[in-house]
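Enquirer: Okay, handing you the structure first.
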Amino acid sequence: MAAMGSDNEAAGASAAVESIGVQATTDGSFMEVNLQGQLVRWTRSGNSFTSQVRGSGWGQTHAITSLDENTFLEIKPDYRLSKWTWNGITYIEAVVGQGWNNARLITGITSNRFIEINMQAELVLWEFGAGNQLTPSVIGSQWGATRLIAGKGNINFMEVKGDGGLADWYDFGWGQGVQQVFHDGMDLSDVRLIAGIDLDRFLVIDTPAGDLFEYTLDPELGYVKVQRGNGWNNARLIG
């Protein structure tokens, strides 16, 4: 690799908004599992990203998503849920759940929270408590047509709809749950993989070209697209 729905419904109330925390990471990094089964950490370097292989044997992993720059979640081949934390030398695994075959999509939104869309088309907010105990809250329904999600903040995530439309979802703290901000004129129907970077940025890998693009939110122009790499067809998962 060269590194260079409106049909959804939100539940009435959800957890209070916090001002910090992103799936995304404070250093612009994200994780990848490639077709060779390698676990790779990508870190921003100028206008591009540099890679560091941090593991092997990840070829059967179902999903990954970052919680912060040192922690990510994995849905394992046997559908256990693991939380991996970097200690400066290696990743330490904590198995935090089992039976995650009901999860269709997951994305981290802060160091102790992530979003799931399950097979029942529910939008679920999960929160870690003491001892890595997980507590779910259903915060929406009718999310079955959603194709991709990417966390950006707490609570803020992107949705790529079934027709390629793009929406930001926020909890503004008004007691009305997550609310949609739809981005008119954007078509992400060619996007294969997506990952949030921070509150204003997310990355996509398109198909069939396999190019890596970064979208940055401009207050006047909306999301501005810049190519950051090519040859990313080797990526199987990012998050």
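The numbers in the UniProt record's numbering rise by one with no breaks, and the one at position 194 of the sequence shown is 194.
Virtual Cβ for every residue (Gly too), placed ideally from N, Cα, C.
Here the structure is a predicted model, which means the values were calculated and not measured.
(1) Using 8 Å for Cβ pairs, my map puts I117 next to L125. What's the rounded Cβ distance?
(2) Decide yes or no for the touch test of the stretch 225-232 against the stretch 86-99: beta carbon pairs closer than 8 Å, at least 3 of them.
(3) Quick check on this structure: which residue in F128, I155, Q52 and D187 has the alpha carbon closest to the alpha carbon of I89?
(4) Quick check: what's the CA-CA separation for R54 versus G239?
(5) Does G108 pass the burial test, meaning 16 or more other C-beta atoms within 10 Å, or should it be called exposed?
(6) For G177 and L237, what's the separation of their Cα atoms in angstroms?
(7) Give a yes or no on contact between the stretch 161-171 and the stretch 198-212, applying the rule of three or more CB pairs nearer than 8 Å.
(8) Beta strand (DSSP E) containing H183: first to last residue?
(9) Who does V95 pair with in a DSSP beta bridge?
(10) Could you work out which residue in A209, Q180, G185 and F182 is closest to L193 when comparing CA atoms only?
(11) What number of angstroms, rounded off, separates the C-alpha of G222 from the C-alpha of I149?
(12) Which word fits W42, buried or exposed, when buried means at least 16 other C-beta atoms lie within 10 angstroms of its C-beta?
(13) Quick one: what does DSSP say N112 is sitting in, helix, strand or coil?
(14) Starting from A150, follow its DSSP beta bridges and name the residues at the other end.
(15) Determine which residues share a DSSP beta bridge with A55 and list them.
Expert: Reading from the atomic positions:
(1) With 8 Å as the limit, I117 and L125 do not qualify as a contact, their Cβ atoms being about 11 Å apart.
(2) no
(3) Checked all of F128, I155, Q52 and D187; the closest Cα to I89 is Q52.
(4) Their Cα atoms are separated by approximately 15 Å.
(5) buried
(6) 29 Å
(7) no
(8) V178 to H183
(9) Partner(s): S82.
(10) Nearest C-alpha to L193: A209.
(11) 18 Å
(12) buried
(13) coil
(14) BP columns for A150 point to M158.
(15) Checking the sequence, you will find Gly at residue 55 rather than Ala. In the DSSP output, where bridge partners are listed per residue, G55 has L39.
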